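Asker: I have a structure I would like to understand better, so I am pasting it below and will then ask my questions one at a time.
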Amino acid sequence: MSLTKSCLLISLISVAVNVNADITLYSGEGVSLLAINGHEIKSGNFLDGQNSIHLENGTHQLVAQYTAEISKDGDFEIEKTSTQIIVFKADNAMLQLSAPKLSTYKELDDFNKQMNWKLFDQKANVAFSFTSDELKKEGIQFSRDYERELSRFNNSASPAALSSLSKERYPNNNPSGNNSSTGSIIHSVSLDDSGVNTVDSNNIPEGMLKYWYTQADIKTQKAFIKWLKVNQ
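Here it is in structure tokens:
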């Protein structure tokens with residue numbers, strides 16, 4: 422074999438090793454991925470509706486939410502869990518992120534408290550360890566800025582915080598000015614980010630009207646204005 426062919430073969434082998442030696446993450450049914458490593462995913466469910474994504478070997482931080490069908494009075498209601506952060510470190514793994522089946526409000530409440538996601542390594546056929554926490558946002562809101570929230574969260578004392586992903590700096594490395602750690606296994610950090618679209622609690626009806634008006638199409642806006650004139 423010539424030197425050129427040998428070098429080419431070595432290069433191809435190296436590329437193949439690098440391609441295979443990474444992390445493939447699959448989502449289970451009802452799991453929505455909202456952000457990866459501080460970057461928001463606009464689609465809300467992995468990338469372009471796909472249920473898998475490739476990540477480099479190392480530590481990763483996910484923001485996820487689970488949608489469940491909750492049984493109530495013989496009918497089903499669609500409910501979402503709280504927004505939760507999952508941090509794991511892996512090398513050359515094929516992971517699936519899923520949640521237990523939730524069918525009652527008690528099970529939903531328990532999941533929000535325990536955050537008992539299932540991260541399963543399909544290559545090793547074993548459960549994979551991870552750290553989880555809740556990404557809280559106090560107050561009434563209609564949308565969230567996950568990138569700003571995560572930047573602040575990653576300056577907190579939570580075990581799920583990754584300081585390397587933070588874009589902001591705060592005194593004592595804490596955005597809230599006090600100790601966010603509760604001393605429990607799962608820590609809950611309360612965030613108050615003025616950049617998120619919130620509603621003044623003293624005038625909630627006005628805020629809701631403004632929000633829904635801006636979300637409506639032009640035809641609906643005109644019909645609403647006409648209705649206001651008639652009913653003033």
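Positions 422 to 653 (this note's numbering) are the ones given, in order, by the sequence shown. We put the beta carbon where it would ideally sit given N, CA and C, even for glycine. All values derive from a computational prediction rather than experimental measurement.
#1: Given that a residue counts as buried once 16 or more other Cβ atoms are within 10 Å of its Cβ, and exposed if not, what is W648?
#2: If we ignore side chains and look at the alpha-carbon of each, how far apart do D396 and G479 end up?
#3: Taking only runs of the beta strand (DSSP E) that begin and end inside the stretch 536-572, which ones reach a length of at least 3 residues, in chain order?
#4: To the nearest whole angstrom, what separates the beta carbons of S587 and S572, a pair I think is in contact under 8 Å?
#5: Please list the terminal residues of the continuous alpha helix (DSSP H) segment that includes T641.
#6: Comparing alpha-carbon positions, which option in A485, G495 and V651 lies nearest W538?
#7: Pick helix, strand or coil for S448, following the three-state DSSP scheme.
#8: Since F509 sits in a beta bridge, which residues does DSSP pair it with?
#9: Give the straight-line distance between the Cα atoms of E568 and Q535, rounded to the nearest whole angstrom.
#10: Could you give the distance in angstroms between the alpha-carbon of K640 and the alpha-carbon of V651?
#11: For a quick check, are the C-beta atoms of D554 and P580 less than 9 Å apart?
#12: Determine the extent of the beta strand (DSSP E) in which S473 is found, giving its start and end residues.
#13: Is the beta carbon of S524 sitting closer than 9 Å to the one on A489?
#14: Indicate whether D443 and N513 have their beta-carbon atoms separated by less than 9 Å.
#15: Closest to T552 by CA distance: which of R565, F497, L529 and Q482 is it?
#16: Under DSSP, the beta strand (DSSP E) around L516 begins and ends at which residues?
#17: Could you tell me if E498 is buried or exposed, where buried requires 16 or more neighbouring beta carbons within 10 angstroms of its beta carbon?
#18: One question on the structure: do T504 and L454 come within less than 9 Å of each other, judged by their Cβ atoms?
#19: Taking just the CA atoms, how far does Y526 sit from E500?
#20: Taking the alpha carbon of N472 as the reference point, which residue from H460, V452, G459 and I491 has its own alpha carbon closest?
#21: Can you say whether I646 is buried or exposed, counting buried as having 16 or more other CB atoms within 10 angstroms of its CB?
#22: The beta strand (DSSP E) spanning I656 covers which residue range?
#23: Can the beta-carbon of L446 be found less than 9 Å from the beta-carbon of Q517?
Answerer: With the given structure in hand:
#1: Taking the first residue of the sequence shown as 1, we reach residue 648 at position 227. It is exposed - the Cβ of W648 has fewer than 16 other Cβ atoms within 10 Å.
#2: Because the chain here runs from 422 to 653, residue 396 falls outside it and cannot be looked at.
#3: 539-542 and 552-558
#4: Taking the sequence shown and counting its residues from 1, the one referred to as residue 587 is at position 166. Taking the sequence shown and counting its residues from 1, the one referred to as residue 572 is at position 151. 5 Å between Cβ atoms; contact.
#5: Counting from one through the sequence shown, the residue named residue 641 turns up at place 220. Residues I639 to N652.
#6: The count along the sequence shown starts at 1 and reaches residue 538 at position 117. Nearest option by C-alpha distance: A485.
#7: Reading the sequence shown from its first residue, position 27 is the one you call residue 448. Strand, per DSSP.
#8: As a working mapping, residue 509 is identified with position 88 in the sequence shown. In the DSSP output, where bridge partners are listed per residue, F509 has H481.
#9: Numbered from its first residue, the sequence shown carries residue 568 at position 147. Numbered from its first residue, the sequence shown carries residue 535 at position 114. The straight-line gap from Cα to Cα measures roughly 24 Å.
#10: Taking the sequence shown and counting its residues from 1, one reaches residue 640 at position 219. Taking the sequence shown and counting its residues from 1, one reaches residue 651 at position 230. Cα to Cα, K640 sits roughly 17 Å from V651.
#11: The residue labelled residue 554 in the question sits at position 133 within the sequence shown. The residue labelled residue 580 in the question sits at position 159 within the sequence shown. It is a contact, given that the beta carbons lie within the stated cut-off.
#12: Here the question's residue 473 lines up with position 52 in the sequence shown. Per DSSP, S473 belongs to the beta strand (DSSP E) from S473 to L476.
#13: Translated into the one-based positions of the sequence shown, residue 524 becomes position 103. Translated into the one-based positions of the sequence shown, residue 489 becomes position 68. Cβ distance < 9 Å, so S524 and A489 count as in contact.
#14: Within the sequence shown, residue 443 is the residue found at index 22, counting from 1. Within the sequence shown, residue 513 is the residue found at index 92, counting from 1. Cβ atoms of D443 and N513: closer than 9 Å.
#15: As a first step, residue 552 is located in the sequence shown; it is residue number 131 there, counting from the start. Checked all of R565, F497, L529 and Q482; the closest Cα to T552 is Q482.
#16: Taking the first residue of the sequence shown as 1, we reach residue 516 at position 95. That run of the beta strand (DSSP E) goes M515 to S519.
#17: Position 77 of the sequence shown holds residue 498. Exposed is the call here.
#18: The count along the sequence shown starts at 1 and reaches residue 504 at position 83. The count along the sequence shown starts at 1 and reaches residue 454 at position 33. In this structure, L454 does not lie closer than 9 Å to T504 by Cβ.
#19: Start at 1 with the first residue of the sequence shown, and residue 500 comes out as number 79. Start at 1 with the first residue of the sequence shown, and residue 526 comes out as number 105. Just so you know, the alpha carbons of E500 and Y526 end up roughly 9 Å apart.
#20: Position 51 of the sequence shown, counted from the start, is the residue given in the question as residue 472. For the residues H460, V452, G459 and I491, the minimum Cα distance to N472 belongs to V452.
#21: Walking along the sequence shown from the start, residue 646 turns up at place 225. Per the 10 Å Cβ criterion, exposed.
#22: Outside the modelled stretch of the chain, which goes from 422 to 653, sits residue 656, for which no answer is possible.
#23: One-based indexing of the sequence shown puts residue 446 at position 25. One-based indexing of the sequence shown puts residue 517 at position 96. Result yes, Cβ atoms of L446 and Q517 sit closer than 9 Å.
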